[in-house]
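What follows is a single structure, written as structure tokens, with notes after it.
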Amino acid sequence: MPREKEGKQKTKGTPLPIVPILRKFLKTYEKHCVQTQTAVCPAIRQDLKTSINNEQILRKFMLVRPGDSPTSILPISLEPLLMTIRDECYMLGKEICIWSLQLSNPEIARLASLLELKGSAACPFTSLELTDCRMDLWSLQRLGRALPRSHLRSLILDYSRFGKEEVESLFSGLENNQRLQALSLRYCGLGPQSGPRLGTIICQTAISELHLDGNFLQCSGALALLRPIADYAEMQGREQPAMAPPDPGSPPHQLQAKQRGSSALNQITESPGTLTQKTTSGKERRKKGIKKKIKDLTEAGPWLVKLYLADNGIDRRGKEGGNGLLEFTQILTCLITYSAHLREIDLRNNVLGEMAAADILEALRARKTG
0 MPREKEGKQK TKGTPLPIVP ILRKFLKTYE KHCVQTQTAV CPAIRQDLKT SINNEQILRK
60 FMLVRPGDSP TSILPISLEP LLMTIRDECY MLGKEICIWS LQLSNPEIAR LASLLELKGS
120 AACPFTSLEL TDCRMDLWSL QRLGRALPRS HLRSLILDYS RFGKEEVESL FSGLENNQRL
180 QALSLRYCGL GPQSGPRLGT IICQTAISEL HLDGNFLQCS GALALLRPIA DYAEMQGREQ
240 PAMAPPDPGS PPHQLQAKQR GSSALNQITE SPGTLTQKTT SGKERRKKGI KKKIKDLTEA
300 GPWLVKLYLA DNGIDRRGKE GGNGLLEFTQ ILTCLITYSA HLREIDLRNN VLGEMAAADI
360 LEALRARKTG
């Protein structure tokens with residue numbers, strides 16, 4: 000008993016190494032805010048103090064403009080935070096989330112340079128969220144050029160209205176990216192013309208989770224997105240022997256169609272869950288390969304694990320009319336029936352009609368029975 004008390008007192012009296020690191024980080028951040036004549040972000044300060052009090056590593060930086068702040072006060076800027084991360088060599092962060100800020104070209108340039116760092120000083124961040132952030136064409140082009148060199152596995156650009164040139168600069172940066180696994184472009188003003196480009200990107204990259212809620216892809220755009228994925232799934236489902244056991248050494252796109260029974264769609268609407276990598280090879284392979292996948296690139300291929308298409312104008316009112324909706328339904332049911340990877344799909348707020356709903360339900364039954 001005395002030894003236990005001694006141990007507890009020693010632990011309590013000795014602060015963890017993270018505490019002085021975070022205290023110095025906060026002090027440096029406040030100094031850079033003064034130097035750049037910008038305001039300290041209340042969320043950053045609060046998260047740092049909470050982590051210090053709890054003696055915990057701060058993994059996620061939330062840079063948010065206070066909703067009730069008067070316009071006369073100093074603006075909140077991304078630059079002091081990035082300068083602090085650089086000066087303190089803080090390698091413990093994993094996520095940067097920025098909400099409702101006007102991001103200048105110098106801020107985006109500094110962020111892109113951070114994402115591109117390699118070697119011993121490689122950028123530790125694997126998730127970037129820029130929600131409702133206003134960026135011009137130059138900023139999106141610079142960010143797009145940084146994406147292939149970054150270690151990002153998740154990119155969220157929700158509520159950012161993109162023009163044609165902005166969309167193209169972003170899509171160019173996503174080409175052949177074998178690290179990024181989750182992409183969210185909700186309410187970004189994407190139209191039918193973005194469908195073919197998105198379909199090509201999914202085929203070329205490791206993206207397995209795609210959020211496109213609140214756009215206007217319509218039947219033609221959604222069809223162009225899904226067609227290469229569905230065609231690939233059907234080809235794999237028909238070609239692979241039904242009873243052949245999966246080869247543990249095979250990449251995900253070579254797995255047997257037999258596995259689709261164990262990877263049945265959880266539901267046809269929105270569902271919470273963690274990101275699933277592009278693999279359905281079973282528990283044993285996941286346990287053995289998890290460390291390797293974190294360090295190495297993820298294999299690209301035309302498949303999705305999670306697809307969110309809520310509120311995209313997928314109905315009979317597009318220029319293709321009923322024929323477009325019928326073709327979309329056929330491609331969708333093919334994907335549901337044959338894809339060994341698909342887990343979740345959200346089609347809320349799209350007026351598909353009773354016939355399409357019946358076909359989708361039948362595809363779900365066929366998938367369940369194998």
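Numbering (the working numbering), first residue to last: 0 to 369. Using N, Cα and C, we set each Cβ at its ideal position, and we do this for glycine too.
Check: Cβ of residue 29 within 7 Å of any chain D Cβ; Outcome: Judged by its chain identifiers, the structure shown contains no chain D, having just a single protein chain.
Check: The alpha helix (DSSP H) enclosing residue 75, as first and last residue numbers; Outcome: Where residue 75 is concerned, there is no enclosing alpha helix (DSSP H), given that its DSSP letter is neither H nor E.
Check: Integer-rounded CB distance, given that residue 334 should sit under 8 Å from residue 225; Outcome: 6 Å
Check: Residue 304 versus 236, 341, 318, residue with shortest Cα-Cα distance; Outcome: 341
Check: DSSP beta-bridge partners of residue 63; Outcome: 98
Check: Touch test, the region 137-153 against the region 162-170, Cβ-Cβ under 8 Å, three pairs minimum; Outcome: yes
Check: Residues that residue 306 bridges to, as DSSP identifies them; Outcome: 209, 344
Check: Cβ-based neighbour list, residue 147, same chain, cut-off 7 Å, excluding 5 preceding and 5 following; Outcome: 172, 176
Check: Between the CA atoms of residue 183 and residue 370 - distance to the nearest angstrom; Outcome: As shown, the chain starts at 0 and ends at 369. That puts residue 370 outside it, with no answer to give.
Check: Range of the contiguous alpha helix (DSSP H) that encloses residue 155; Outcome: Residue 155 -> not in any alpha helix (DSSP H); beta strand (DSSP E) instead, spanning 153-155.
Check: Segments assigned beta strand (DSSP E), at least 3 residues, entirely inside the region 129-214; Outcome: 153-155, 181-183, 208-210
Check: Boundaries of the alpha helix (DSSP H) in which residue 113 is found, first to last residue; Outcome: 104-114
Check: Rounded straight-line distance, which links the Cα of residue 133 to that of residue 103; Outcome: 9 Å
Check: Residue 169 to residue 143 span [Cα, whole Å]; Outcome: 5 Å
Check: Reduced DSSP category for residue 338 - H, G, I as helix; E, B as strand; rest coil; Outcome: coil
Check: With 16 other Cβ atoms within 10 Å as the buried cut-off, status of residue 314; Outcome: buried
Check: C-alpha distance - residue 251 paired with residue 343, whole-angstrom precision; Outcome: Because residue 251 carries a pLDDT of 45, less than 50, the predicted location of this residue cannot be relied on, and the following value inherits that uncertainty. Those two C-alpha atoms are separated by around 18 Å.
Check: Where the alpha helix (DSSP H) through residue 314 begins and ends; Outcome: Run containing residue 314: none; DSSP gives neither H nor E here.
Check: Alpha-carbon to alpha-carbon, residue 83 and residue 29; Outcome: 9 Å
Check: Residue nearest to residue 135 in terms of C-alpha spacing, selected from 46, 222, 108; Outcome: 108
Check: CB-CB length for residue 38 against residue 72, believed under 8 Å; Outcome: 6 Å
Check: Neighbourhood of residue 110 by C-beta, 7 Å cutoff - its chain only, sequence neighbours within 5 removed; Outcome: 77, 81
Check: DSSP state of residue 351 mapped onto helix, strand, coil; Outcome: coil
Check: Residues of its chain near residue 4, where Cβ-Cβ distance is below 6 Å and the 5 sequence neighbours each way are ignored; Outcome: Any reading at residue 4 must be qualified, since the residue scores a pLDDT of 44, below 50, and its modelled position is unreliable; no value is offered.
Check: CA-to-CA distance, residue 331 to residue 256, given in whole angstroms; Outcome: With a pLDDT of 34 at residue 256, under the threshold of 50, the modelled position of that residue is not reliable, and the figure given next carries that caveat. Rounded to the nearest angstrom, the two C-alpha atoms are 17 Å apart.
Check: Residues sharing a beta bridge with residue 127, DSSP; Outcome: 95, 154
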